[in-house]
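What follows is a set of notes on a single structure, which appears directly below.
There are 2 protein chains.
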Amino acid sequence: MHPDRSPEPAAPSTGRLSRRHLLLGGAAAGVGAAALVGADSLLNTRSTPPLGETPGAAAHGGQTVPFHGTHQAGVETPPQAHGKFVAVDLAEDVDAEKIRRLLTLLSDDAAKLTQGKAALADSEPELAFVPARLTVTFGFGPGLVDRVPGVPAPAWLKPLPEFSVDRLRPEWNSGDLLMQICADDPLTVSHAARMLIKDTRAFGTVRWTQDGFRRAYGAEPDGTTMRNLMGQVDGTVNARPDTDAFETMVWEPRDNPEWLHGGTGMVVRRIAMDLDEWDRLDRPGREESVGRRLFDGAPLTGGTEHDEPDFDALTPLGFPRIAEYAHIRRARSDNPDEQVFRRAYNYDVPTLGDEGQDAGLIFVSYQSDVDLQFVPIQRRLDELDLLNEWISPIGSAVFAVPPGCAEGGFIGETLFPA
Amino acid sequence: MHPDRSPEPAAPSTGRLSRRHLLLGGAAAGVGAAALVGADSLLNTRSTPPLGETPGAAAHGGQTVPFHGTHQAGVETPPQAHGKFVAVDLAEDVDAEKIRRLLTLLSDDAAKLTQGKAALADSEPELAFVPARLTVTFGFGPGLVDRVPGVPAPAWLKPLPEFSVDRLRPEWNSGDLLMQICADDPLTVSHAARMLIKDTRAFGTVRWTQDGFRRAYGAEPDGTTMRNLMGQVDGTVNARPDTDAFETMVWEPRDNPEWLHGGTGMVVRRIAMDLDEWDRLDRPGREESVGRRLFDGAPLTGGTEHDEPDFDALTPLGFPRIAEYAHIRRARSDNPDEQVFRRAYNYDVPTLGDEGQDAGLIFVSYQSDVDLQFVPIQRRLDELDLLNEWISPIGSAVFAVPPGCAEGGFIGETLFPA
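If you're matching them up, the sequences are chains E and L in order. Numbering-wise (full-length UniProt numbering), the first sequence opens with residue 1 and increments by one. Numbering-wise (full-length UniProt numbering), the second sequence opens with residue 1 and increments by one.
Have a look at this one:
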């Protein structure tokens, strides 16, 4: 018997029981042992934590991002330092009613944790008191939406078309439910993920988890564009969330079904970088392959990072200054529909022996129509982008990100109209 | 042929060559291709980075910890948010002269990177410009010291005695050379580790890497004791580096050989926490097992976190208030020699399916004599510590941490007296 009063039945771990029994039944059975076997009345001088207060928070750890609203948080939110992406496969017996219960539970967890409050039945409430701009963003794969009768999926909610650069591995693909858990503090992310994953246990299993990072909070001046592990500034051309362009790109409903209005589409791709090969390329070669200077991210046609590249500029010999196969030329489109909002994280997983580095980018983009906006860009890059020599997408997943909810509501409630 | 001028010969990756050749030999062979095949003269308008400047650094990312000094940095340094521990096994043919070369190389890397400067032959110099209090601390295992003729090892430089609580796995044990890489920014740690590991490649292989984290820089008020993933404040009783107690505990030479004077001993233990079982225990049970309140870390005999526990206090029923098996009672000694300085990190590795969490503590302690100071404490905890029910050491290693060096010197130079 486990000495607990937890609502879940304890799975006995027999190997350890004898030792614990010895302790509890033997000479050491003082007040502690009494507490362990349930005699709480002896312990009424013990502190109980004022749940909901945030005594440990100060400085930036106390900052919160509202959970409730028209849109889910974690899209417009300036990217936090740490991001954990957890994809869950639903168990076979999980039907619409169970999905509703799961989403209610997870929304409640997220609503509390993001505000620096312990989740219901939080096993380590003190770890919840430093929200550090925690956001939890939920995305639905086709496998979730299909289980809710009468609910149409957006046409783009399916695996991306195959690209020739892809080296996809099943263990990094797809997923029924995605949780994007971001905060400026790694312990906050770890704790939130633990609470959320626990609450999915009765409904499914973890398919994949991707841990990512950017610069620490406050390490660089606000507005500095992130660098990826190839050393490039990454995400210079990215609409600012307070612009019309962003609104159209991310929140415009287009042909999406009504339950998704106020929501958007999400692409998550794990892009492995062959850093050992990349290191063999000299700096001019690197700058050429991207079309930007490494040092400050300015286009090779000059100016500063945020200046428009001059794609017509020629060298004295008459060649394009920004080569035909340069990443920034291939990624660019004159079609205003072909734009996505990027919110990427770096990853770097320890390797052993003389293995090369297992590192790269968790590419995350938000766009309201994946087929219309993301796919054409990726097709152009797939056709001709010198960067493809050093990067390989090894995971790929598409999710529908439902709208936000008001207090008392839950994320995904629009799947279940009254 | 790889289009590079790197000093190392390129190992051809044939699968990708055809594609690159096609690009470089075909229609796209503009100025970029010229650059890639070596015609740099066309590119003299290209920026080169002013190595050594730190243009990207501001706020706390610009903070540096001196590398040179009497002692190595990273021991007294207030723990940074992120820590990576890399253990290297030396190749069979690595003799004293090669060790000297390796240590010279690594010390030079560390001296530059910790000051926000690119390492020699840094492949991504821009990633070096945010030092964020980076420290690199080197430790030597017996396998390194033994290879330097005529150099005695301290008696304690060997695997720890077996403890009954141990569940050691060879993949987390031992190592010839340890690099403790800590900074407040995860990208800084990733980049520094990449540069350092690259420079070990010709001398050995990575045996294990452990990634750890604490609270983010500035997330909590200065001086807040870290919490571990069990939710406990962890490290309340830890000497402050500016005290005599610390000096004696960590830097006192005791019986150490002369080459180690100014250095110390380091224990690294990977301690897995069975958080799923821990969650089944109620709060009084948890507080009892440690002897402290979870909420604020105060001893169960009252007061605040840093108050002395009253080990003689009894409950009204005559039992000890802090139980015989409570962690803080077992860890305490009246023998002033039995003290260590702790500098631990949390770890949390993603798991899949319905696996429980793979999380715990990278326990790191510094003490000048491991046998005298660490072993007796661990023996007492091994005998009787209720926490043992939920924690299992799965990795263990002991290193000698040589003294610091002056500018122009290198870490480990005392192994090679003139």
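The beta carbon of each residue, even a glycine, is placed where N, CA and C say it ideally should be.
Quick one: what does DSSP say residue i is sitting in, helix, strand or coil?
| i | result |
| --- | --- |
| E:HIS327 | helix |
| L:ASN346 | strand |
| L:VAL340 | coil |
| L:ILE391 | strand |
| E:LEU361 | strand |
| L:ALA406 | coil |
| L:ALA219 | coil |
| E:SER18 | Because E:SER18 carries a pLDDT of 39, less than 50, the predicted location of this residue cannot be relied on, and the following value inherits that uncertainty. Helix, per DSSP. |
| E:GLY69 | coil |
| E:LEU229 | coil |
| L:SER289 | helix |
| L:GLN367 | strand |
| residue 433 of chain L | Residue coverage of chain L in this structure runs from 1 to 418, which leaves residue 433 of chain L outside it and unanswerable. |
| L:GLY412 | coil |
| L:ALA398 | Note that residue 398 of chain L is Val in the sequence shown, not Ala. Here L:VAL398 sits in strand by DSSP. |
| E:PRO284 | helix |
| L:PRO376 | helix |
| E:GLY353 | strand |
| L:THR48 | Bear in mind that the predicted position of L:THR48 carries a pLDDT of just 37, short of 50, making it unreliable; the figure below should be weighed with that in mind. If DSSP states are grouped into helix, strand and coil, L:THR48 belongs with coil. |
| E:LEU36 | Only weak support exists for where E:LEU36 lies, its pLDDT of 33 falling under 50; the coordinates are left without a value. |
Quick check: what's the CA-CA separation for residue i versus residue j?
| i | j | result |
| --- | --- | --- |
| L:GLN339 | L:PRO241 | 13 Å |
| E:ARG293 | E:GLU220 | 19 Å |
| L:LEU187 | L:VAL75 | 21 Å |
| L:VAL145 | E:THR209 | 40 Å |
| L:LYS84 | L:ARG215 | 15 Å |
| E:ASP276 | E:SER289 | 16 Å |
| E:HIS191 | L:TRP278 | 14 Å |
| L:VAL268 | L:PRO417 | 28 Å |
| L:ALA313 | L:GLU383 | 23 Å |
| L:PHE319 | L:VAL206 | 51 Å |
| E:ALA298 | E:PRO309 | 8 Å |
| E:GLU97 | E:LYS198 | 19 Å |
| L:THR114 | E:ASP244 | 43 Å |
| E:PRO149 | E:ILE99 | 12 Å |
| L:ALA110 | L:GLU407 | 12 Å |
| L:GLN63 | E:GLY61 | 20 Å |
| L:ARG133 | L:ILE328 | 32 Å |
| E:THR248 | E:GLN357 | 38 Å |
| E:THR351 | E:LYS112 | 36 Å |
| L:ARG332 | L:PRO159 | 23 Å |
| L:HIS68 | L:LEU415 | 17 Å |
| L:GLU413 | L:CYS405 | 8 Å |
Taking Cβ positions, are residue i and residue j nearer each other than 8 Å?
| i | j | result |
| --- | --- | --- |
| E:GLY204 | E:ALA128 | no |
| L:SER392 | L:ALA272 | yes |
| E:THR137 | E:GLN72 | yes |
| L:SER368 | L:TRP259 | no |
| E:ARG330 | E:THR301 | no |
| L:PRO79 | L:ARG343 | yes |
| E:PHE213 | E:HIS82 | yes |
| L:GLY263 | L:VAL401 | yes |
| E:SER174 | E:GLY141 | yes |
| E:TRP156 | E:ASP337 | no |
| L:LEU168 | L:ILE394 | yes |
| E:PHE341 | E:PHE246 | yes |
| L:MET179 | L:VAL86 | yes |
| L:PRO161 | L:VAL364 | no |
| E:PHE295 | L:GLU124 | no |
| L:TYR347 | L:ALA359 | yes |
If you measure from the CB of residue i, is any heavy atom of the ligand ADP nearer than 7 Å?
| i | result |
| --- | --- |
| L:VAL65 | Among the components of this structure there are no ligands whatsoever, and the ligand ADP is therefore not found. |
Practice prompt. For the region 245 to 278 of chain E, list the beta strand (DSSP E) runs that are entirely contained and at least 3 residues long, ordered along the chain.
Written response: Fully enclosed beta strand (DSSP E) runs of 3 or longer: 264 to 273.
Item to complete: Could you run through the region 364 to 379 of chain L and flag, in chain order, every residue whose CB is less than 8 Å away from some CB of chain E?
Response: Within the region 364 to 379 of chain L, no residue has a Cβ lying closer than 8 Å to any Cβ of chain E.
Worksheet item: Between the region 161 to 193 of chain E and chain L, which residues of the former have a C-beta closer than 7 Å to a C-beta of the latter?
Response: Within the region 161 to 193 of chain E, the qualifying residues are ASP184, ASP185, PRO186, LEU187, SER190.
Discussion item. Which runs of the beta strand (DSSP E) at least 3 residues long sit entirely within the UniProt domain "Dyp-type peroxidase N-terminal" (72 to 214) of chain L? Give them in chain order.
Written reply: Here the runs fully enclosed are 82 to 90, 135 to 140, 177 to 183, 204 to 213.
Fill in: Contacting positions in the region 126 to 142 of chain L - beta carbon closer than 7 Å to chain E
For the region 126 to 142 of chain L, which is checked against every Cβ of chain E, the residues closer than 7 Å are GLU126, LEU127, VAL130, ALA132.
Fill in: Under 8 Å (Cβ pairs) to chain E, residues found in the region 210 to 231 of chain L
Listed by position along the chain: GLN210, ASP211, PHE213, ARG214, ARG215, ALA216, TYR217, GLY218, ALA219, GLU220, PRO221, THR224, ARG227, LEU229, MET230, GLY231.
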